[in-house]
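Before any comments, here is the structure.
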Ligand SMILES: [Zn+2]
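In the numbering used here, the protein residues as written are 263 to 602.
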């Protein structure tokens, strides 16, 4: 059903700081979203409904039942089909705003593909759940002078920060190194859907300000909010830190991909194998795997169960192996059943 833009966005255009001019700018805007889990779902939903013209959604994962409590773009059918999140998100957005041009990429953002996947956009939104990918986004964005918005939530707590290269601190100014030791994850600390939505709403609003050109309104702090304890704080990020590896010394170690390990996903007792770049024929592999366990596939994923492990394969050869956090076990399963 075609809906006139004047009607669809009427309440947003009445808001004076956006108005018809701001709405027209949003329609011309190009944004990349990395990660479409909890915060990513909320960000994608808000930006698409607000009328951002082009949205590139990059996500490496598929929908599972435990996502539905907080990942607002997905439903039970998506989880039943194990649909990749990027595909499910694009379908869902098409259902409520078919005017948005959504480009879905089922992929892990890596040093090898970052410049391609984050090309031709004016803003990058962080919907990821890990510092490794965030540092990669930070290096890429700072190297090109592109703004990006950091958003994270765990437990009842969320944080958000705008990174405006050359003007404000970057992620590495504030967190020079990935937090070491025991890091809270959704698995160890759980997560409240309301904490996700608070910070996603803050970040989506900052994105709208930036895209309509209301740059004096952009927040120049790292804001944190705990929806359970009501504690909140803001730390100034108004200036880049002298000596920062990334924005001062311009030493983009994460773009160079030094020492990238196999990745253990957030809170899922699983390991990702992403060393393969060879397309996989799902039909052929299904025949080959069926004597060894239960196997099924659709156009986007192949799932293979062999107790106590569950392997999910993507057409480019990437795999997520559930049931272990041992990369050697995951690697050997992959070598045995997919190929080495
Ligand atoms: Zn910096």
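Even for Gly, the Cβ is constructed at its ideal location relative to N, Cα and C.
In this structure, ligand 1 has no non-hydrogen atom nearer than 7 Å to the beta-carbon of residue 541.
For the region 369-402, the continuous alpha helix (DSSP H) assignments of 4+ residues that do not extend past its boundaries occur at 376-379, in sequence order.
Distances from the CB of residue 337 to the heavy atoms of ligand 1 are all 7 Å or more. Here residue 301 really is in contact with residue 413; their C-beta atoms are around 5 Å apart, less than 8 Å. Non-local beta-carbon contacts of residue 460 in its own chain, meaning distances under 7 Å to residues more than five positions away in sequence, involve 420, 487, 489 in chain order.
Spanning the alpha carbons of residue 379 and residue 554 requires a straight line of approximately 36 Å. Residues whose Cβ lies closer than 6 Å to any heavy atom of ligand 1, listed in chain order: 431, 432, 434, 435, 502, 503, 506, 508, 509. Separation of residue 434 and residue 364 (C-alpha to C-alpha, rounded to the nearest whole angstrom) is 30 Å. For residue 575, the enclosing beta strand (DSSP E) starts and ends at 571-575. A direct Cα-to-Cα measurement between residue 582 and residue 594 gives close to 13 Å. Per the DSSP secondary-structure output, residue 321 pairs in a beta bridge with 368. Residue 389 sits close to residue 296, with the two beta carbons spaced by under 8 Å. Under the three-state reduction of DSSP, residue 436 is assigned to helix. Rounded to whole angstroms, the separation of the alpha carbons of residue 507 and residue 474 is 31 Å.
If you draw a straight line from the Cα of residue 284 to the Cα of residue 468, it comes to about 14 Å.
A distance below 7 Å between beta-carbons, with the five flanking residues on each side excluded, links residue 497 to the following residues of its chain, in chain order: 483, 484. CA-to-CA, the gap between residue 377 and residue 556 works out to about 38 Å.
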